[in-house]
Each structure stands twice: as C-alpha cells, then as structure tokens.
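Below: the structure, in structure tokens.
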C-alpha cells in the first residue's frame with residue numbers, strides 16, 4: 325500500500341514538472357556544443373567564458389555557482405546528516421527517482437524514510453535536478469548522459485571527464501579523501517555550489533591546477 329500511494333503521488337507530480345521539461349528542451353534545441361557535450365546555454369567558440377571552473381568555469385546564467393545550492397530543509401536534515409548534501413543539479417531526475425525508490429538498500433545502508441518525507445524529498449530532488457536546471461554544470465551533466473540514469477554522481481560522463489587527470493594517489497590512496505564522492509573534502513566551496521578548480525585543495529597536496 326505504501327508503494328502504491330508513493331507511485332500515485334509521484335505520477336501526479338510528474339505531470340506538474342512536465343512543462344519544465346518542455347521548456348528545457350526548447351532551450352536545448354537552440355544551443356551549440358561545448359567540450360564535446362551538446363546542451364542548453366552554450367556559446368560555441370566562447371572559450372574565455374568557459375574556462376576556469378572545475379565544471380566549466382564561470383556560469384553566465386547564475387553568477388559564479390556551478391550548480392544551485394541546496395535549499396530543501398528536509399533534504400538537508402534527512403540526507404545531509406549522513407553525508408554531504410549533494411546538490412540535486414548533479415544528477416538527472418530519473419536518477420534521483422531510482423535512488424529514492426531504493427532507500428531500503430541505499431548503497432549498502434538502510435535509509436528508509438516516512439512515506440510523506442520520502443515523497444517531499446523526491447519532489448524536491450526532481451524539481452531541482454539537472455534536467456530542469458539552468459546552471460551550467462547541471463546542463464553539461466545532463467547533456468553528457470545520452471539517456472542513461474547513473475546511480476552515482478561519479479559515474480556521469482561529465483564528472484569522469486573532469487576528474488580523469490587527477491592521479492589516483494591524490495584521492496583513492498589518500499586517507500584524507502579516499503573517494504571522489506566526498507566533494508567537500510577537496511572542493512572548498514562545494515556547499516555553495518561552486519566547483520571552480522582554483523578553489524580545489526586536495527588534503528596533503530598543494531593546490532590543484534591542471
């Protein structure tokens with residue numbers, strides 16, 4: 325019964341965000357290619373405005389943030405109490421739906437919530453997901469997926485591309501980092517939605533600059 329109610333609630337909610345998807349696609353259809361990824365809001369050839377950020381540099385749409393900051397109070401409370409409160413704009417809505425539908429086995433842990441809390445958090449994540457965001461990093465992440473629904477942010481093609489030059493010894497073999505999933509261990513302004521490479525400080529190493 326719980327799952328049925330949740331599914332009905334999310335189906336109804338999906339209708340309300342459908343218009344946002346149409347609007348986002350309309351923007352996407354009118355833009356060029358950037359760093360090999362076709363998406364919304366790119367100005368092909370404008371390299372000076374694209375460089376500088378770990379996720380593509382200064383954001384012409386939303387100031388200096390690469391993704392929207394976390395505003396969901398319940399999401400911060402329930403999810404941020406266990407790990408870094410990842411910005412919804414780092415994954416597409418379909419990925420968040422899959423994650424929220426499997427909380428009984430959340431990457432090895434049971435993270436089940438009250439039904440009403442699960443619905444509210446899922447709604448928040450979907451509305452603010454990469455699909456519907458005008459923040460540049462979210463646009464690039466969404467555009468790099470080609471319809472896939474990764475369960476981990478670190479599995480998105482754009483994330484992989486942006487981190488592939490970092491030597492394993494600097495993170496995986498680094499006891500102060502261990503995994504690229506710990507965004508705030510190296511990105512000093514991660515909570516503010518800024519992943520500029522000039523703000524990257526890998527524990528135990530000099531300031532990172534590729």
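In this note's numbering, the protein residues as written are 325 to 534. Note that CB positions come from ideal geometry on N, CA and C, so glycine has one too.
| request: Compute the distance between the beta-carbons of residue 455 and residue 466, then report whether it is under 8 Å. | output: Yes; because the gap between Cβ atoms is below 8 Å, this pair is in contact.
| request: Could you give the DSSP three-state label for residue 455: helix, strand or coil? | output: Here DSSP, grouped into helix, strand and coil, assigns residue 455 to helix.
| task | Check whether the Cβ atoms of residue 470 and residue 519 lie closer than 8 Å to each other. | result | Not closer than 8 Å, so no.
| Going by alpha carbons, who is nearest to residue 528 out of 502, 505, 494, 515? | The shortest Cα separation from residue 528 among 502, 505, 494, 515 belongs to 494.
| message | Since residue 459 and residue 392 should fall inside the 8 Å C-beta cutoff, what is the C-beta to C-beta distance between them, to a whole number of angstroms? | response | Distance from residue 459 to residue 392 at the Cβ level is roughly 6 Å; contact confirmed, criterion being Cβ atoms closer than 8 Å.
| task | Classify residue 311 as helix, strand or coil using the three-state DSSP reduction. | result | In the structure as shown, the chain starts at 325 and stops at 534, and residue 311 therefore has no counterpart that could be examined.
| task | With a threshold of 16 other CB atoms inside 10 Å of the CB of residue 483, please say whether the residue is buried or exposed. | result | With 16 or more other Cβ atoms within 10 Å, it is buried.
| field | Pairwise C-alpha distance: residue 521 and residue 511 | value | Spanning the two alpha carbons is a distance of roughly 8 Å.
| query | By the 10 Å Cβ neighbour count, where 16 or more other Cβ atoms means buried, how is residue 433 classified, buried or exposed? | reply | Exposed.
| field | Three-way DSSP call (helix, strand, coil) for residue 523 in this model | value | Residue 523: helix per DSSP, three-state reduction.
| field | residue 495: first and last residue of the uninterrupted alpha helix (DSSP H) it sits in | value | Going by DSSP, residue 495 is part of no alpha helix (DSSP H) at all; its letter is neither H nor E.
| task | List the DSSP bridge partners of residue 430. | result | According to DSSP, which records beta bridges pairwise, residue 430 is partnered with 433.
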